[in-house]
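When we follow the numbering used here, the leftmost residue of the sequence shown carries the number 120, and every step to the right adds one.
Using N, Cα and C, we set each Cβ at its ideal position, and we do this for glycine too.
As the structure is a prediction and not an experimental result, all values here were calculated from the model.
Notes follow the structure.
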Amino acid sequence: MVAQVRSHLVQAYSEAFSSPSGPLLAALVMGQKMAQVPDVIREDFRRAGLSHALAASGFHLSVLLSSVLLIAGQRRLLRLGLGALVILGFIALAGPQPSVVRAALMAGLGLLLLSMKTRQRPVGVLLVAVISMLLIAPVWVQSLGFQFSVVATMGLVVSAGPMGEGLSRWLPQRLALAMAIPLAATCWTIPLQLLHFGKLPLYGIPVNLLLTPVLAPLTLTAMMMAPVLLLPPVFTGWLLAVVRPVVVLVVRCFLFMVHGAASLPLAEVPLGQPVPLAAILLVVACLWWLVPRPGGVAGRPWRRPWLAPVLLLLALAMQVQMRFSDEIRQLGWSRRRSATVERSKEPVPLLVARHQGRAALISATARLSFCRRARKELHRLGLDGFDWILVTYRMSEEQRRCWDALGQQLVRGHDGRLVPGVRLESPGLVLVPLSHEAHAYGVMAGGRRARVLIGPTAQQWAGGDGATVLDAWPPLPSVP
């Protein structure tokens, strides 16, 4: 019954406001999984740092709650009442799925903590609540939605108030507090976004700051239109006739601004997943800047104001060095330990070659599970695709579509191997076959060289070869 109501709402939004306004309004309320937002618009939102606007998440609720604070001001009971109505309405419209419930719990907790007096130690209350939630459902700790919700809520509790005080120097107090909420959540989630996606929307913070005054009322309008669209057209036709032109105009202007931000040079910087030390430096720098000193304002560090920029520059230098270095690496294997790093029962038949911010892939299997693993590696590296992919095993049509989406060139040679004399090559990345009978290949990534052996036949072939191997890797297992 509830699912039918949501499906009807998605259709009603599209019919009432046409495309792309209708699907976008539906996504602002129920998330992009329910609403079919065009791919071009989703890409623009991602590059502009506004992906949270199309997802049923804690960040999405923070935008809604910022509008509640704008309306309620300092009246605590009114703030709590309106906030509770918004959260319950969001659950009803987006559905009581785990990600939505988690987001609602964290948003409600954030609203409650923002309304508390400072002596009640809201950070401690938040930590107790998070630990309690993990005791009930430990698997949530692996959920991206839960991680982003916790970090965003911590940003609201620690930095939203002081940031609002800082912004109130140039803006009215209510508007400053409303804009500080998404700004604090954005700043706190940047390290987590880099960790999971390897890309940083360079203009994400200023874009959120500039477009929140449009996004928040647009989201509230979409939410208020939901019960209206459930009524028969006989009762709502006149209202839609009045509201539709204004809403469509605002949506088109908003999409124009999002597209403009996404089209800016270096709108999305592919830094890759941060190395551990760079991640630590990044987190320390962010905390140094975002955690206010007692009685101070976020953005005014405790002391030595030059330390945060220095730490950020060090983290950036380390990350750029990693991003543009040359590497040939078998996933899940460490040369230092000479053993598998990942405690997985399945072997990892994937080898990645990197050179100057680009990468290529060799896979000894076509299985979909390893295709998904290769996609995760792409995200870790901050890349949109591999230069070329060699899959040394036959594949079905479904498997071919999965692998084909990961790279610019997908190759599966005759009987799963390349013919000698044929080579795969892109600037700085080269693969050449070494044998007619076995899966034996030479791989070059800039100045690095490696010999790749796949399966027992290749190992037997290599046993009689006295050539020196510069980088010795365990043979890639052949997985059917």
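Checklist entry - In terms of DSSP beta bridges, what is residue 563 paired with? => result By 1-based counting over the sequence shown, the position of residue 563 is 444. For residue 563, which the question treats as bridged, DSSP gives the partners 549 and 568.
Checklist entry - Are residue 389 and residue 501 close, meaning C-beta to C-beta below 8 Å? => result Working through the sequence shown from its first residue, we reach residue 389 at position 270. Working through the sequence shown from its first residue, we reach residue 501 at position 382. Their beta carbons are under 8 Å apart, which means residue 389 touches residue 501 by this criterion.
Checklist entry - Of the residues 522, 524 and 472, which one's Cα is nearest the Cα of residue 569? => result By 1-based counting over the sequence shown, the position of residue 569 is 450. The candidate whose alpha carbon is nearest that of residue 569 is 472.
Next on the checklist: Taking 8 Å as the threshold (C-beta atoms), are residue 530 and residue 553 in contact?
Outcome noted: Start at 1 with the first residue of the sequence shown, and residue 553 comes out as number 434. Start at 1 with the first residue of the sequence shown, and residue 530 comes out as number 411. Result no, Cβ atoms of residue 553 and residue 530 do not sit closer than 8 Å.
Checklist entry - Which stretch, first to last residue, makes up the beta strand (DSSP E) that contains residue 477? => result As a working note, residue 477 is residue 358 in the sequence shown. Counting along the chain, the beta strand (DSSP E) containing residue 477 begins and ends at 477-482.
Item to check | For residue 306 and residue 167, the rounded distance between their alpha carbons | outcome: Working through the sequence shown from its first residue, we reach residue 167 at position 48. Working through the sequence shown from its first residue, we reach residue 306 at position 187. Going from the Cα of residue 167 to the Cα of residue 306 covers about 15 Å.
Checklist entry - Shortest alpha-carbon distance to residue 426 belongs to which of 438, 271, 149 and 406? => result Working through the sequence shown from its first residue, we reach residue 426 at position 307. Nearest C-alpha to residue 426: 406.
Item to check | Exposure label - residue 496; buried when at least 16 CB within 10 Å | outcome: Position 377 of the sequence shown, counting from 1, holds the residue named residue 496. Residue 496 should be labelled buried.
Checklist entry - Would you call the CB atoms of residue 259 and residue 265 closer than 8 Å? => result Within the sequence shown, numbered from 1, the residue matching residue 259 stands at position 140. Within the sequence shown, numbered from 1, the residue matching residue 265 stands at position 146. Yes.
Checklist entry - Is DSSP giving residue 453 helix, strand or coil here? => result Start at 1 with the first residue of the sequence shown, and residue 453 comes out as number 334. Caution applies to residue 453, whose pLDDT of 48 falls short of 50 and renders its modelled position unreliable; the model cannot decide the point.
Item to check | Contact belief for residue 198 with residue 187 at Cβ below 8 Å, rounded distance in angstroms | outcome: Position 79 of the sequence shown, counted from the start, is the residue given in the question as residue 198. Position 68 of the sequence shown, counted from the start, is the residue given in the question as residue 187. Their Cβ separation, rounded to whole angstroms, is 6 Å, which keeps residue 198 and residue 187 in contact under 8 Å.
Checklist entry - Cα-Cα, which of 564, 220, 525 and 432 is closest to residue 403? => result Locating residue 403 in the sequence shown gives position 284, where the first residue counts as 1. With distances taken between Cα atoms, residue 403 lies closest to 432.
Next on the checklist: Residues in the same chain with beta-carbon distance under 6 Å from residue 223, minus the five sequence neighbours each way, listed in chain order, please.
Outcome noted: Counting from 1 along the sequence shown, the entry for residue 223 is found at position 104. Around residue 223: 206 and 210.
Item to check | Where residue 448 falls: helix, strand or coil (DSSP) | outcome: The sequence position of residue 448 within the sequence shown is 329, counting from 1. Looking at residue 448 - three-state DSSP - the assignment turns out to be strand.
Item to check | Closer than 7 Å: residue 389 CB and nearest the ligand COA heavy atom | outcome: Annotation note on the ligand COA: not contained in the displayed structure, which lists no ligands.
Item to check | Validate contact between the stretch 298-315 and the stretch 270-283 using beta carbons, cut 8 Å, 3 pairs | outcome: yes
Next on the checklist: Using C-beta distances below 7 Å, list every residue in its chain close to residue 242, excluding the 5 sequence neighbours before and after it, in chain order.
Outcome noted: Against the sequence shown, residue 242 aligns to sequence position 123. Closer than 7 Å at the Cβ level, and outside the excluded window around residue 242, lie 276 and 277.
Checklist entry - For residue 155, which option in 164, 145, 163 and 162 has the closest C-alpha, if you only look at C-alpha atoms? => result Along the sequence shown, one-based indexing puts residue 155 at 36. Here the closest residue by C-alpha is 145.
Next on the checklist: Within 10 Å of its beta-carbon, does residue 372 have 16 or more other beta-carbons around it, so buried, or fewer, so exposed?
Outcome noted: Position 253 of the sequence shown holds residue 372. Classification for residue 372: exposed.
Checklist entry - Taking the Cβ atom as the reference point for each residue, do residue 400 and residue 368 lie within a distance shorter than 8 Å? => result By 1-based counting over the sequence shown, the position of residue 400 is 281. By 1-based counting over the sequence shown, the position of residue 368 is 249. No.
Item to check | Beta-ladder partner(s) of residue 526, from DSSP | outcome: In the sequence shown, counting from the first residue as 1, residue 526 sits at position 407. According to DSSP, residue 526 bridges with 505.
Next on the checklist: Quick test of your reading: residue 504 and residue 525, contact by CB under 8 Å. State the CB separation rounded to the nearest angstrom.
Outcome noted: Translated into the one-based positions of the sequence shown, residue 504 becomes position 385. Translated into the one-based positions of the sequence shown, residue 525 becomes position 406. About 6 Å separates the two Cβ atoms, so the contact holds.
Item to check | Limits of the beta strand (DSSP E) - the one that residue 513 falls within | outcome: Looking up residue 513 in the sequence shown gives position 394. Neither: residue 513 is in no beta strand (DSSP E) and is coded neither H nor E.
Checklist entry - Rounded to whole angstroms, how far is the Cβ of residue 391 from the Cβ of residue 448, which I believe are closer than 8 Å? => result Counting from 1 along the sequence shown, the entry for residue 391 is found at position 272. Counting from 1 along the sequence shown, the entry for residue 448 is found at position 329. Rounded, the Cβ-Cβ distance is 13 Å, inconsistent with contact.
Item to check | DSSP-derived helix/strand/coil call for residue 303 | outcome: The residue you call residue 303 lines up with position 184 of the sequence shown. Three-state result, residue 303: helix.
Next on the checklist: Output needed for residue 387: all residues of its chain with C-beta closer than 6 Å, excluding positions within five of it in sequence on either side, in chain order.
Outcome noted: If you number the sequence shown from 1, residue 387 lands on position 268. If we look at residue 387 and ignore the five residues flanking it on each side, its Cβ neighbours are 166, 318 and 320.
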